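Under my numbering, residues 530 to 715 are what the sequence shown spells out, in order.
Backbone N, C-alpha and C define an ideal beta-carbon position, used for all residues, glycine too.
Quantities reported herein were computed from a predicted structural model and do not represent experimental measurements.
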Amino acid sequence: MLVRWLPNSPDTLPIYASHRVGIGALVTNDRGEVLVVKENSGGFKGTGVWKLPTGVINEGEDILTAAIRELKEETGIEAEFVEILAFRQSHRSFFQKSDLFFVCKLQPLSFDIKKQDSEIEAAQWMPIGDYVDQPYNKEHQLFKYIAQICKTSSEKNYAGFSAATAATASGKQTYLYFNQGDFSKL
Numbered sequence: 530m531l532v533r534w535l536p537n538s539p540d541t542l543p544i545y546a547s548h549r550v551g552i553g554a555l556v557t558n559d560r561g562e563v564l565v566v567k568e569n570s571g572g573f574k575g576t577g578v579w580k581l582p583t584g585v586i587n588e589g590e591d592i593l594t595a596a597i598r599e600l601k602e603e604t605g606i607e608a609e610f611v612e613i614l615a616f617r618q619s620h621r622s623f624f625q626k627s628d629l630f631f632v633c634k635l636q637p638l639s640f641d642i643k644k645q646d647s648e649i650e651a652a653q654w655m656p657i658g659d660y661v662d663q664p665y666n667k668e669h670q671l672f673k674y675i676a677q678i679c680k681t682s683s684e685k686n687y688a689g690f691s692a693a694t695a696a697t698a699s700g701k702q703t704y705l706y707f708n709q710g711d712f713s714k715l
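In structure tokens form, the structure reads like this:
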């Protein structure tokens, strides 16, 4: 029912979804540049806003796996997961469902951009200061905070949440995200 208006493409919405979970990927290089994209569809289409590569986590997919996959799909950049820098929760968002969004830091393993034509208008490496100073980021508090966290993470020792594998009581392998720097103080 929710996807009737979509063109003929596979339905990727989980049945009875209560939350939409997404990621944003912060990727920086040694020149102090951040990887950014302009969308050719969605809410940022035609706005001129350069943003972090983003995407939705698939059913059964881990946050770190989704961040790596979405980055590769949109930009062609191979990377490894470093940590979650921040996350946001919002309600009555897409399709009136709750929305969780994780800003993830990734370490690039490649640097040549190969943009995804179906979703991305342009992709480039941009000085982090230029990314932070975009009017959109300055005018919208949430985006201002995210941009500042990204800048701080790239320039200083910002402690996010790293992933550690852990077994549940039933023995299933999962990921626990926590601040490893503060973990030693426990």
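Asked                                                                                                               : Found
DSSP three-state assignment for residue 604, whether helix, strand or coil                                          : helix
Integer-rounded CB distance, given that residue 565 should sit under 8 angstroms from residue 608                   : With a Cβ gap of about 15 angstroms, residue 608 and residue 565 do not count as contacting.
Backbone secondary structure at residue 560 - three-state DSSP                                                      : coil
Selection from 589, 581, 601 that minimises the alpha carbon distance to residue 643                                : 601
Candidates 590, 582, 671, of which the one nearest residue 617 by Cα                                                : 671
Cβ neighbours of residue 667 in the same chain (closer than 7 angstroms, five flanking residues each side left out) : 673
Sheet register partners of residue 691 (DSSP bridge)                                                                : 707
Counted within 10 angstroms of its Cβ, other Cβ atoms place residue 574 as buried (16 or more) or exposed           : exposed
Limits of the alpha helix (DSSP H) - the one that residue 512 falls within                                          : Missing from the structure shown is residue 512; the chain here goes from 530 to 715 and no further.
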